[in-house]
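This report refers to the structure that appears directly beneath it.
Number of protein chains: 2
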Amino acid sequence: MYRTHTCGELNIKDVGKKVVLSGWVDRIRDLGGIKFIILRDRYGVTQIVVDPESPAYEISQQIGREWVIQIEGTVSERPESTKTETQTGEIEVIVEKITVLSKAELPPFYPGDKVSEDLRLKYRYLDLRDKNMNKNLIVRHKMAQAAREFLNKHGFLEIETPYLTKSTPEGARDFLVPSRLQKGKFYALPQSPQLFKQLLMISGFDKYYQFARCFRDEDLRADRQPEFTQIDIEMSFVEMEDVINLMESFVRHVYGSVGIKLPEKFDRITYDEAMEMYGSDKPDRRFGMELKDLTNYFKDSDFKIIKNVINNGGSIKGFITRIPISRKIASELESYVKEFGLGGLLWFKLENGVISSPTNKFLGESYENISKDYNLKDGNVLLLAAHTNREQLNTALGALRLKIGREYFKDLEKGFDALWVVDFPFLEWNEEERRYVARHHPFTMPKNIDSKLEDIKAYAYDMILNGNEIGGGSIRIHNPEIQRKVFEIIGLTNKEAEEKFGFLLEALKYGAPPHGGIAFGFDRMVSIALKTSSIRDVIAFPKTTSGTCQLTGAPSSVDKNQLEELSIKLVDIKEGGDENE
Amino acid sequence: MYRTHTCGELNIKDVGKKVVLSGWVDRIRDLGGIKFIILRDRYGVTQIVVDPESPAYEISQQIGREWVIQIEGTVSERPESTKTETQTGEIEVIVEKITVLSKAELPPFYPGDKVSEDLRLKYRYLDLRDKNMNKNLIVRHKMAQAAREFLNKHGFLEIETPYLTKSTPEGARDFLVPSRLQKGKFYALPQSPQLFKQLLMISGFDKYYQFARCFRDEDLRADRQPEFTQIDIEMSFVEMEDVINLMESFVRHVYGSVGIKLPEKFDRITYDEAMEMYGSDKPDRRFGMELKDLTNYFKDSDFKIIKNVINNGGSIKGFITRIPISRKIASELESYVKEFGLGGLLWFKLENGVISSPTNKFLGESYENISKDYNLKDGNVLLLAAHTNREQLNTALGALRLKIGREYFKDLEKGFDALWVVDFPFLEWNEEERRYVARHHPFTMPKNIDSKLEDIKAYAYDMILNGNEIGGGSIRIHNPEIQRKVFEIIGLTNKEAEEKFGFLLEALKYGAPPHGGIAFGFDRMVSIALKTSSIRDVIAFPKTTSGTCQLTGAPSSVDKNQLEELSIKLVDIKEGGDENE
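Sequence order for the protein chains is A and B.
Note that the first sequence covers residues 155 to 735 in this note's numbering.
Note that the second sequence covers residues 155 to 735 in this note's numbering.
As structure tokens, this is what we get:
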């Protein structure tokens with residue numbers, strides 16, 4: 155038997171017991187000839203004492219950090235002055251025997267050392283020994299089990315759907331898997347189990363969930379992974395309100411399981427409101443600084459740029475903040491909003507009751523009025539911009555707001571702000587493909603399908619937590635005629651619709667219940683709970699932004715015969731460097 | 155609100171209540187002008203009564219089977235004579251309003267109809283409406299949750315490992331996934347999370363599990379799937395005994411959750427014993443009919459074929475059964491064992507105390523002695539065969555034994571027989587590659603690595619339930635030197651070992667704990683619990699033996715530009731038939 159107890163278990167009540175422990179050597183100290191070994195496992199650390207008289211003394215001279223050892227000894231109370239408040243801080247184990255289970259070479263770093271992320275990922279097994287990383291995966295486990303607990307209790311069934319499925323290029327790019335048994339054909343890894351869960355509703359399963367791995371072959375932005383985990387949920391005979399209410403409780407329960415209290419009732423704002431007030435469909439409201447329409451204050455302005463914008467039907471919007479503004483900072487912020495297509499940034503500051511601004515002599519009167527009406531306080535800064543395209547104006551100011559929030563109001567990021575954004579536009583224009591695409595996905599129920607395309611809204615809802623979309627869902631189309639019409643609107647010919655989604659259109663013909671659901675980004679949910687700077691810190695073996703697993707070296711070259719068996723061939727690839735070819 | 159109750163919920167206590175139900179029209183009967191609609195959902199069925207006076211009568215004339223409707227009405231006690239013992243059999247709902255939620259065209263079959271499996275798979279959503287299929291997935295759900303419950307309680311952490319990983323062609327064939335960001339390179343879908351779970355042990359996670367999808371690109375035999383679900387488990391600081399004991403409780407708990415009682419203690423037999431007694435390393439012991447070595451009874455025989463075998467060091471083995479033997483049946487059975495490389499099959503029967511056999515005049519004395527020593531009863535039949543290769547003899551007779559069991563002793567298949575097979579050979583000879591390969595896998599700890607290769611045994615264990623291997627595991631190598639040596643034995647050069655498993659060898663250098671684990675075939679476990687004839691019946695969306703999803707049509711042709719983006723090209727494939735190309 156390798157151990158009678160874990161390293162996090164012994165306490166004052168165990169004094170006198172003979173115990174066997176196994177674990178990693180976290181630290182070794184030599185104090186006046188006596189060796190103190192801190193032995194570590196997942197459960198904690200225990201102090202091991204090796205007296206020079208101990209038969210284990212000689213072997214204790216050889217061992218080093220990160221060795222795996224087994225010790226036998228007797229639990230003893232520590233001298234009062236050396237007790238600590240930790241889990242096992244009142245005791246130590248006086249050792250009689252040490253057995254080396256595994257030696258360890260000098261590692262590239264010790265768990266918890268501050269080293270580059272590349273190195274951490276290459277030696278992920280060392281990185282994961284760090285107590286913070288350890289905790290991250292434990293919290294992830296707890297949240298997953300809490301999610302299941304809630305859903306099981308509410309009558310949901312966990313049902314697995316295929317990972318080798320059909321390519322339906324709509325939305326993100328598919329990862330493809332060549333078929334060997336049917337040469338020339340490909341499976342696709344699912345971007346989500348969307349259609350399968352709808353088919354399960356048509357089968358009558360009523361309430362479904364799954365922790366589903368999803369795959370998207372996108373150019374990876376900073377905090378995306380090619381594979382990620384989704385808590386996928388679907389319900390029959392529900393309206394939007396049913397889904398929203400239950401899912402609020404769900405998320406509260408999941409966060410509650412790791413000691414995070416979310417509000418009893420989440421606010422709900424429409425997409426239009428979110429864009430108007432925060433310039434984002436996933437607002438982080440903890441920073442305040444709502445955007446305000448200030449166009450009216452400038453109606454009579456002669457200031458050329460403003461006048462032009464207004465004459466062309468444009469708007470002036472801005473928000474109040476409290477930052478140490480200066481010409482230098484203002485110029486940095488202006489550069490930032492220019493990236494979002496704005497022409498410039500105006501600002502003024504209220505200081506000792508006086509407005510100061512580089513544009514005060516042109517716009518001073520407007521500034522005064524705003525300051526008065528909005529009851530500005532000393533130290534307040536107003537940032538303003540003008541643009542003929544209101545959407546662009548909102549988005550740019552929303553980005554600026556967020557930048558300022560993250561830079562100057564870090565302390566406000568501590569709480570948790572949860573809300574729903576609803577009433578999304580059904581479509582969005584895809585400039586590249588010169589057509590409308592479904593904003594959520596083409597299986598979403600439209601609210602008013604006969605309206606002008608740009609006015610159609612969707613029965614769709616996003617759950618926003620601290621400025622992150624942690625979940626998104628919709629009521630689905632359960633009528634084949636509406637589904638056909640939507641395919642038409644997004645520019646699929648009948649033939650294309652049949653080829654890609656024929657099985658869905660067919661299924662809808664045989665009695666589909668009204669249904670809807672949601673999918674939560676589980677990695678993101680855990681990352682927010684733990685306030686990690688990246689989702690990589692809550693994934694055991696994540697990939698880099700180029701899709702590499704630093705640890706195993708995936709993706710890698712493969713043997714030529716593996717490709718031959720699949721009847722595929724590489725093109726335009728230099729094969730010289732690859733010894734397998 | 156679509157419903158106040160489900161269709162399985164109302165009973166005599168609800169009489170008088172106004173209710174709203176939604177569901178599928180399971181049946182409609184017209185009795186003396188009154189319409190009786192059986193409304194169905196996942197939870198049960200409820201009888202709906204539509205009187206000709208009811209405002210809903212007209213609409214009830216139009217609806218058909220499998221339509222989805224919502225009804226409003228009042229719960230009423232059924233006339234005594236029409237009560238049934240079912241869930242909702244004492245009540246019916248007198249309907250006031252019917253709303254059609256979805257019409258249904260005439261489906262290709264009704265749920266539960268006996269139709270070909272191809273048709274069932276193509277319209278899986280209809281097939282899954284059948285109450286048996288419904289139950290299968292519910293039982294699967296329950297077993298999955300019971301598994302998690304047990305493992306969580308015992309301190310295991312559920313940790314997800316990557317699905318886009320590295321190709322390590324050792325064992326089965328990998329499914330490959332071309333990388334677009336790193337053209338010319340490929341991910342592989344994992345055959346199991348074996349190495350990742352070992353890395354997690356090296357990280358100190360101590361106890362891990364995962365419901366892992368596994369992928370093997372094999373030529374699919376009757377009851378295999380290209381993707382299947384494994385309950386993957388690993389523990390640190392354990393010996394074989396620890397794993398075996400805990401996993402016995404685990405499996406008992408999982409089956410117990412669906413009302414199946416497995417024995418308190420599983421028998422344990424060695425691989426050699428299993429082969430000797432049952433000619434199989436996954437014996438179904440419920441049939442009895444153990445193989446017996448009968449060589450000694452024939453030592454002095456002059457019967458040529460027997461004599462030859464014995465002179466060449468061969469054996470004669472057989473088993474006692476009770477089947478209606480005849481020359482015709484015997485000849486069929488002989489053909490069967492010839493497929494397994496035997497020369498023929500001997501037999502005799504004890505009838506009215508007299509031995510009868512076509513070979514009685516040559517081998518009568520031996521038969522008499524056997525009959526006496528083994529205390530044969532009237533009606534007993536002894537089937538015998540001889541071969542110089544004992545392994546082949548065992549295997550052939552084992553197959554015969556199983557064939558007879560399945561054909562003649564179906565009734566014995568009803569119980570549950572659980573056992574462990576242990577002490578597996580470490581290696582097995584691969585004739586095709588002319589080298590030894592690891593029988594379990596090359597990360598298994600050998601017991602006696604310095605013995606002759608064919609004598610090395612492994613710390614490996616299989617859990618057998620009713621003649622199926624439902625789980626297999628081993629203690630792993632935690633020492634890099636032993637791991638290197640094993641790679642050597644299975645014929646990997648140092649360079650190959652580094653290329654394929656360098657990251658494991660590296661990880662083992664930095665303090666690996668002794669560890670071991672097991673993986674259970676979850677689909678198989680559920681299939682055995684439900685006694686389904688195929689694992690396809692416990693998988694929501696399975697594939698055919700050619701790897702096709704009949705429902706979605708996966709795998710399918712893909713757009714040429716999808717391949718271009720991946721820098722791959724099809725070779726030797728006629729592209730004519732494919733309109734996407």
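Here a beta-carbon is modelled for each residue, glycine too, at the ideal position from N, C-alpha and C.
### Task
Taking B/G227 as the query, report the chain A residues whose CB atoms sit under 8 angstroms from its CB, ordered along the chain.
To locate residue 227 of chain B, count along the second sequence from 1; it is residue 73. Per Cβ cutoff of 8 angstroms: no residues; B/G227 is ~16 angstroms from chain A at best.
### Task
Name, going along the chain, the residues of the stretch 655–670 of chain A whose beta-carbon falls closer than 7 angstroms to a beta-carbon of chain B.
F657, A661, K663, Y664, G665, A666, P667 and P668
### Task
Please report how far the alpha carbon of B/V591 lies from the alpha carbon of B/L717, in whole angstroms.
Here residue 591 of chain B is taken as the residue at index 437 of the second sequence, counted from 1. Here residue 717 of chain B is taken as the residue at index 563 of the second sequence, counted from 1. Cα to Cα, B/V591 sits roughly 36 angstroms from B/L717.
#### Entry: Stretch pair the stretch 633–652 of chain A + the stretch 595–603 of chain A: three plus CB contacts closer than 8 angstroms
yes
### Query
When you compare each of A/A342, A/G468 and A/N465 to A/K320 by their alpha carbons, which one comes out closest?
Residue mapping note: residue 320 of chain A aligns to position 166 of the first sequence, counting from 1. Closest by alpha carbon: A/A342.
### Task
Leaving out five residues on either side along the sequence, give the residues of the same chain with a beta carbon under 6 angstroms from the beta carbon of B/K361.
In the second sequence, counting from the first residue as 1, residue 361 of chain B sits at position 207. Result list for B/K361: G309, F310 and M389, in chain order.
### Message
So, at 6 angstroms on beta carbons, what are the nonlocal neighbours of B/A428 in its own chain, with the 5 sequence-adjacent residues on each side left out?
### Response
For this step, residue 428 of chain B is matched to residue 274 along the second sequence. Cβ contact annotation for B/A428 (same chain, cutoff 6 angstroms, sequence separation greater than five): D435, P437 and V575, in chain order.
### Task
Locate the beta strand (DSSP E) running through A/V199, then write down its first and last residues.
To locate residue 199 of chain A, count along the first sequence from 1; it is residue 45. Here the beta strand (DSSP E) through A/V199 covers G198 to V204.
### Message
Under 8 angstroms, CB to CB, which of the residues in the stretch 320–332 of chain A have a partner in chain B?
### Response
K320, S321, P323, R327, D328, F329, L330, V331 and P332
### Message
For B/R383, would you say it is in contact with chain A, using Cβ-to-Cβ distances shorter than 8 angstroms as the test?
### Response
Taking the second sequence and counting its residues from 1, one reaches residue 383 of chain B at position 229. A quick correction: the sequence has Thr, not Arg, at residue 383 of chain B. With 8 angstroms as the cut-off, B/T383 counts as an interface residue toward chain A.
### Query
I think A/Y279 touches B/A661, with their Cβ atoms under 8 angstroms apart; what is that distance to the nearest whole Å?
Indexing the first sequence from 1 puts residue 279 of chain A at position 125. Indexing the second sequence from 1 puts residue 661 of chain B at position 507. That belief holds up - the Cβ atoms of A/Y279 and B/A661 are roughly 5 angstroms apart, short of 8 angstroms.
### Task
Using a Cβ cut-off of 8 angstroms (strictly closer), state whether B/K723 contacts chain A.
Within the second sequence, the letter at position 569 stands for residue 723 of chain B. For B/K723, the answer is yes, since a Cβ of chain A falls inside 8 angstroms of its Cβ.
### Query
So, is the C-beta of B/P596 closer than 8 angstroms to a C-beta in chain A?
Reading the second sequence from its first residue, position 442 is the one you call residue 596 of chain B. No, its Cβ sits nowhere closer than 8 angstroms to a Cβ of chain A.
### Query
So A/E250 and A/P209 are in contact, right, with Cβ under 8 angstroms, and what is the actual spacing, rounded?
Taking the first residue of the first sequence as position 1, residue 250 of chain A is located at position 96. Taking the first residue of the first sequence as position 1, residue 209 of chain A is located at position 55. A/E250 to A/P209, Cβ: 7 angstroms. Contact.
### Query
Relative to the alpha-carbon of B/N584, which residue among B/L547, B/N534 and B/I644 has its alpha-carbon at the smallest distance?
Residue numbering aside, residue 584 of chain B sits at position 430 when the second sequence is read from its first letter. Per the C-alpha coordinates, the member of B/L547, B/N534 and B/I644 positioned closest to B/N584 is B/I644.
### Query
Helix, strand or coil for B/Y362 per DSSP?
Start at 1 with the first residue of the second sequence, and residue 362 of chain B comes out as number 208. Reduced to three states, the DSSP call for B/Y362 is strand.
### Query
With contact counted as at least three CB pairs below 8 angstroms, one residue from each stretch, are the stretch 396–412 of chain A and the stretch 707–726 of chain A in contact?
With the cut-off at 8 angstroms, the stretch 396–412 of chain A and the stretch 707–726 of chain A do not touch.
### Query
Near B/A742, what residues of its chain come up, given a Cβ to Cβ distance below 6 angstroms and the 5 sequence neighbours on each side ignored?
The requested residue 742 of chain B is not part of the displayed model; chain B covers only 155 to 735.
### Query
Count the other CB atoms within 10 Å of the CB of B/D386; is the residue buried (16 or more) or exposed (fewer)?
The count along the second sequence starts at 1 and reaches residue 386 of chain B at position 232. Burial call: buried.
### Task
Report the neighbours of B/Y156 on chain A: residues whose CB is nearer than 9 angstroms to its CB, in chain order.
Residue mapping note: residue 156 of chain B aligns to position 2 of the second sequence, counting from 1. Ordered by position in chain A, the residues that pass the 9 angstroms Cβ test against B/Y156 are S390, F391, V392, E393, D396, P667 and P668.
### Query
Can you name the residues of chain A whose CB is closer than 8 angstroms to the CB of B/E312?
For the purposes of this step, residue 312 of chain B is taken as residue 158 along the second sequence, with counting starting at 1. Per Cβ cutoff of 8 angstroms: H295, A298 and Q299.
### Task
Assign B/T236 to one of two classes, buried (16 or more other C-beta atoms within 10 Å of its C-beta) or exposed (fewer than that).
Position 82 of the second sequence holds residue 236 of chain B. Label assigned to B/T236: exposed.
### Task
Answer yes or no: does any C-beta atom of chain B fall closer than 8 angstroms to that of A/K606?
Looking up residue 606 of chain A in the first sequence gives position 452. No, because no Cβ of chain B sits closer than 8 angstroms to the Cβ of A/K606.
### Task
Indicate whether A/L573 and A/I618 have their beta-carbon atoms separated by less than 8 angstroms.
As a working note, residue 573 of chain A is residue 419 in the first sequence. As a working note, residue 618 of chain A is residue 464 in the first sequence. Cβ distance < 8 angstroms, so A/L573 and A/I618 count as in contact.
### Message
Along the chain, where does the beta strand (DSSP E) containing A/M389 start, and where does it finish?
### Response
Within the first sequence, residue 389 of chain A is the residue found at index 235, counting from 1. Start and end: E381 to S390.
### Task
In angstroms with no decimal places, state the Cα-to-Cα distance between B/A300 and B/K685.
Walking along the second sequence from the start, residue 300 of chain B turns up at place 146. Walking along the second sequence from the start, residue 685 of chain B turns up at place 531. When rounded, the distance between both Cα atoms is 19 angstroms.
### Task
Answer with buried or exposed for A/G731, where buried requires no fewer than 16 other C-beta atoms within 10 angstroms of its C-beta.
Walking along the first sequence from the start, residue 731 of chain A turns up at place 577. Because the pLDDT of A/G731 is 42, which lies under 50, any placement of that residue in the model is unreliable, and the number read from its coordinates should be weighed accordingly. Classification for A/G731: exposed.
### Query
Taking the DSSP output, what are the residues bridged to A/E231?
Along the first sequence, read from residue 1 onward, the residue named residue 231 of chain A stands at position 77. Answer by DSSP bridge pairing, in chain order: A/I245.
### Query
For A/E381, which of B/K649, B/L318 and B/S176 has the nearest alpha-carbon?
In the first sequence, residue 381 of chain A corresponds to position 227, counting from 1. The option with the nearest alpha carbon to A/E381 is B/L318.
### Task
With 8 angstroms as the threshold, decide whether the Cβ of A/A258 is near any Cβ in chain B.
What you label residue 258 of chain A is simply residue 104 of the first sequence in a count that begins at 1. At least one chain B Cβ lies under 8 angstroms of A/A258.
### Task
Measure from the C-beta of A/L307 to each C-beta in chain B and report whether the shortest distance is under 8 angstroms.
Looking up residue 307 of chain A in the first sequence gives position 153. Sequence inspection shows Lys at residue 307 of chain A; the Leu mentioned does not correspond to that position. False, the Cβ-Cβ gap to chain B never drops below 8 angstroms.
### Query
Since B/S256 and A/P667 are thought to touch, with beta carbons under 8 angstroms apart, how far apart are those beta carbons, to the nearest angstrom?
Within the second sequence, residue 256 of chain B is the residue found at index 102, counting from 1. Within the first sequence, residue 667 of chain A is the residue found at index 513, counting from 1. With a Cβ gap of about 7 angstroms, B/S256 and A/P667 count as contacting.
#### Entry: Residue interval of the beta strand (DSSP E) (run including A/G569)
For this step, residue 569 of chain A is matched to residue 415 along the first sequence. Premise fails: A/G569 is in no beta strand (DSSP E) and is neither H nor E.
### Message
Determine whether the beta carbon atoms of A/Q364 and A/E312 lie at a separation below 8 angstroms.
### Response
Taking the first residue of the first sequence as 1, we reach residue 364 of chain A at position 210. Taking the first residue of the first sequence as 1, we reach residue 312 of chain A at position 158. Cβ atoms of A/Q364 and A/E312: closer than 8 angstroms.
### Task
Give a yes or no on whether the minimum CB-CB distance between B/T706 and chain A is below 8 angstroms.
In the second sequence, counting from the first residue as 1, residue 706 of chain B sits at position 552. For B/T706, the answer is yes, since a Cβ of chain A falls inside 8 angstroms of its Cβ.
### Message
Between which residues of its own chain and B/T315 is the CB-CB distance below 6 angstroms, once the five residues before and five after are set aside?
### Response
Working through the second sequence from its first residue, we reach residue 315 of chain B at position 161. Contacts found: P347 and F350.
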